[in-house]
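Numbering (UniProt numbering), first residue to last: 1 to 292.
Cβ coordinates follow ideal geometry from the N, Cα and C atoms, glycine included.
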């Protein structure tokens, strides 16, 4: 019923973007997991090939020696006094080897990748710019912007104008190039006076010629819904920290040398000679030298 025959101009609004759905990420400090018992396997191998490993004994070329270990009775064989002696052959030997030991350790960090530890809903619409285009409004009329029933003229910049400037429809009842700048919710409350912040969800954007935003007394208006939803995802990077032993393999020379009796043998040894027959002193015919 329109008893006063007042014409209402109901327009259409397009918002760009019409919605905002986002996921903000927050990274926690890295979590370092220290592996325990990683040295146990190395310690269990301590007696299985670790430590000193010696090669076989090797003969020293200049270390061969023969020595008498037993002597028999001496007998004359003609003019020679012969004794049966037992000899032992001694060989000087040495050896080399290697020593494997753990001389320290190194810390190795391996990233196991990020994991999500928390997911929460963001309560406020994030800072952004929304471009508003309206058609079908009353021509050449000043209109006022509202968002979620809050006047937002100071947050809007008309095409070719400045922030907070008056907004007018053109001859065709259109508004184009209008930019609505949503403030950052994290900084809004720090301003003096505080800036407006808007909760996520579905919020109405309204253009009307009524400065109070009352539709019952407006002659023209247009509205559109803006949908916003934000999530805060908290991640943390897990790092596996382990200690890796640092090995050293070094050459070792023989700390001492060994004398090894390699074999025994018997041999007749002339230990003296008798004097030649005929002439001379008779005592000289029986002369011999006893090496003992």
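Excluding the five sequence neighbours on either side, which residues of its own chain have a C-beta within less than 6 Å of the C-beta of residue i, listed in chain order?
i	result
residue 130	15 and 180
residue 157	163 and 179
residue 21	229
residue 65	90
residue 175	134 and 169
residue 55	95, 96 and 97
Got a sec? Which residues, its chain only, sit under 7 Å from residue i by beta carbon, not counting five neighbours each side?
i	result
residue 29	none
residue 232	24, 26, 120 and 122
residue 59	91 and 93
residue 105	243, 244, 245 and 246
residue 52	97, 99 and 252
residue 218	208, 209 and 210
residue 78	none
What are the boundary residues of the beta strand (DSSP E) that includes residue i?
i	result
residue 187	That residue, residue 187, is in no beta strand (DSSP E); its alpha helix (DSSP H) goes 185-188.
residue 104	97-122
residue 202	201-208
residue 128	128-135
residue 24	19-27
residue 197	Note, residue 197: premise wrong, no beta strand (DSSP E); not H, not E.
residue 125	Careful: residue 125 lies outside any beta strand (DSSP E) and carries neither H nor E.
residue 294	Residue 294 cannot be examined here, being either before or after the span of the chain that is shown, 1 to 292.
residue 143	142-147
residue 13	12-16
Helix, strand or coil for residue i per DSSP?
i	result
residue 174	coil
residue 218	coil
residue 88	strand
residue 159	coil
residue 241	strand
residue 274	coil
residue 284	Confidence is the limiting factor: at residue 284 the pLDDT is only 49, short of 50, which leaves the residue's position unreliable, though a coordinate-based value still follows. If DSSP states are grouped into helix, strand and coil, residue 284 belongs with the helices.
residue 224	strand
residue 211	coil
residue 166	coil
One question on the structure: do residue i and residue j come within less than 7 Å of each other, judged by their Cβ atoms?
i	j	result
residue 203	residue 221	no
residue 143	residue 125	no
residue 269	residue 80	no
residue 136	residue 160	no
residue 147	residue 213	no
residue 98	residue 249	yes
residue 141	residue 209	yes
residue 182	residue 134	no
residue 83	residue 74	yes
residue 224	residue 205	yes
residue 196	residue 150	yes
residue 240	residue 110	yes
Beta-carbon within less than 8 Å of residue i's beta-carbon, same chain only, minus the 5 sequence neighbours each way: which residues are those?
i	result
residue 154	163 and 164
residue 236	27, 28, 29, 30, 31, 114, 115 and 117
residue 87	66, 67, 68, 69, 264, 265, 266 and 267
residue 152	145, 146, 180 and 196
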